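Residue numbers (the numbering used here): 258 to 455.
Rendered as structure tokens:
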């Protein structure tokens, strides 16, 4: 009787063990931190420059000119809570608009090595004399959004977005979409001031 109980217990344990081995676990996908974005809200860009636009209230503006270049009207729009920065550079057009346009295109397409696709979105505001292109760079590119704006005669502004992190399209996608909304708003509210002397 005792032997039968032991055999029955061993048989039961073997069935439970084999039944437990038939189920295979599925690995969980990698998770990312949830980011709480602020509401999109804007204020006027009030720095000395030949241009103006609406600036997100949750950003900080820093001087973008490097001491060795001494370029005027270059600014960095910092997103401290998102670890990102939008570099804004300015150049006066001096019969070299085609060269500036080609340089902007080359700088955007330089990321094609890591990009899945690059979409170009034209921007035209004839009443403000503002024309440009937004480069939406998909994939693991270092700079996922770039743009330029010009009046086609005297002024040229270029912008490029960077994050202080390893490019990862999956984890950065919501942040890029959030900042891209700000960049589109910047382009839509962009205006030229009277051209100052350089």
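Each residue gets a CB set at the ideal place from its N, CA and C atoms; glycine is no exception.
These numbers come from a predicted model, not from an experiment.
Taking a cut-off of 8 Å on C-beta distances, the segment 410 to 418 touches the segment 341 to 356, as three or more cross pairs fall below it.
Taking a cut-off of 8 Å on C-beta distances, the segment 418 to 426 does not touch the segment 356 to 367, as fewer than three cross pairs fall below it. Annotation: residue 299 to residue 438 spans about 12 Å, alpha carbon to alpha carbon. If the five residues before and after residue 295 are omitted, its C-beta is found closer than 6 Å to the C-beta atoms of 315, all from its own chain and listed in chain order.
Within the DSSP secondary-structure output, residue 395 pairs in a beta bridge with 374. Note on geometry: alpha-carbon atoms of residue 303 and residue 446 lie some 13 Å from one another. With distances taken between CA atoms, residue 297 lies nearest to 434 out of 434, 272, 346 and 450. Judged by DSSP secondary structure, residue 317 falls within the beta strand (DSSP E) whose first and last residues are 317 to 320. Cβ atoms of residue 339 and residue 436 come within 8 Å of each other, at about 7 Å. Just measuring C-alpha positions, the residue of 333, 389, 328 and 373 sitting nearest residue 358 is 389. With contacts defined as CB atoms closer than 8 Å, residue 341 and residue 419 qualify as a contacting pair. For residue 450, the closest of 440, 266, 401 and 387 by C-alpha to C-alpha distance is 387. Sequence-distant Cβ neighbours of residue 376 in its own chain, meaning closer than 6 Å and more than five residues away, are 393.
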